[in-house]
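The sequence shown begins at 0 in numbering that gives the first Met the number 0 and counts up one residue at a time. By construction, the Cβ of each residue, glycine as well, lies at the ideal position given by its N, Cα and C atoms. Taking it in order: structure first as C-alpha cells, then the write-up.
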Amino acid sequence: MPYAYDAQNIFARILRGEIPNKTVLETAHTLAFHDIQPQAPVHVLVIPKGAYVSYDHFASEATDAEIVDFNRTVAEVCRMTGVHLGSGEGFRAITNAGAHGVQEVPHYHLHILGGRPLGRMLARSES
Ligand code: 5GP
Numbered sequence: 000m001p002y003a004y005d006a007q008n009i010f011a012r013i014l015r016g017e018i019p020n021k022t023v024l025e026t027a028h029t030l031a032f033h034d035i036q037p038q039a040p041v042h043v044l045v046i047p048k049g050a051y052v053s054y055d056h057f058a059s060e061a062t063d064a065e066i067v068d069f070n071r072t073v074a075e076v077c078r079m080t081g082v083h084l085g086s087g088e089g090f091r092a093i094t095n096a097g098a099h100g101v102q103e104v105p106h107y108h109l110h111i112l113g114g115r116p117l118g119r120m121l122a123r124s125e126s
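In C-alpha cells:
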C-alpha cells in the first residue's frame with residue numbers, strides 16, 4: 000500500500016513558507032530548524048523537502064541525491080551546534096514513526112538532541 004502523505008501537516012506548511020521557523024541550515028533537498036518545544040539545549044529537526052511520511056518511506060523511495068543531501072545536512076547540523084564527536088560531547092538522533100512510534104507530525108523528521116546527558120533511550124520497563 001502506498002504511503003499516504005497529508006500535505007496540510009505542519010512541516011509541509013513550514014516548507015511552503017506558510018509558518019515561520021528558526022532555520023539552522025537549508026540545502027537543495029533538506030531543511031533543518033529548531034524544535035518549537037526543545038527538550039534539550041540542542042534540539043534541531045532535520046526534514047527532507049520531499050513529501051515523505053516516515054523514515055522507512057524516505058529510505059525506500061527518496062532519490063540518492065535526497066538521501067545523501069539529508070545525511071550530509073545531519074552531519075553539518077551536528078557540527079554547527081557543537082554536539083559532534085569531533086569537539087562536542089555527543090548527541091542522540093531519533094525518528095518516530097506512526098502510532099507505536101508516537102509520531103506527532105506526519106512528515107519525516109530526525110530529531111538531533113544534545114547539549115546535556117540525555118539518559119537512557121527508553122525506560123527499562125517499556126520492553
Ligand atoms: P514527533 O513527535 O512527530 O517525532 O515530533 C514532532 C516535533 O515537532 C515535536 O518535538 C514538536 O515540538 C515539533 N513541532 C511541532 N510543531 C512545530 C512547529 O510549528 N514548529 C517547530 N519548529 N516545531 C514543531
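Spatial neighbours of serine 53 in its own chain (CB-CB distance under 6 Å, excluding positions within 5 residues in sequence) are listed in chain order as Ala96, Tyr107.
Counting every other CB atom within 10 Å of its CB across the protein chains shown gives asparagine 70 a total below 16, marking it as exposed. If you draw a straight line from the Cα of arginine 115 to the Cα of proline 40, it is about 7 Å long. Threonine 94 has its Cβ nearer than 8 Å to a heavy atom of ligand 1. For the region 10 to 74, the continuous alpha helix (DSSP H) assignments of 4+ residues that do not extend past its boundaries occur at 54 to 60, in sequence order. CA-to-CA, the gap between arginine 12 and glycine 89 works out to about 31 Å.
Between threonine 62 and valine 23, the C-beta spacing is not below 9 Å.
At least one heavy atom of ligand 1 falls within 8 Å of the beta-carbon of valine 101.
Taking C-alpha positions only, alanine 64 is separated from leucine 121 by approximately 33 Å. Following the DSSP letters along the chain, one finds histidine 99 inside the alpha helix (DSSP H) bounded by residues 97 to 100.
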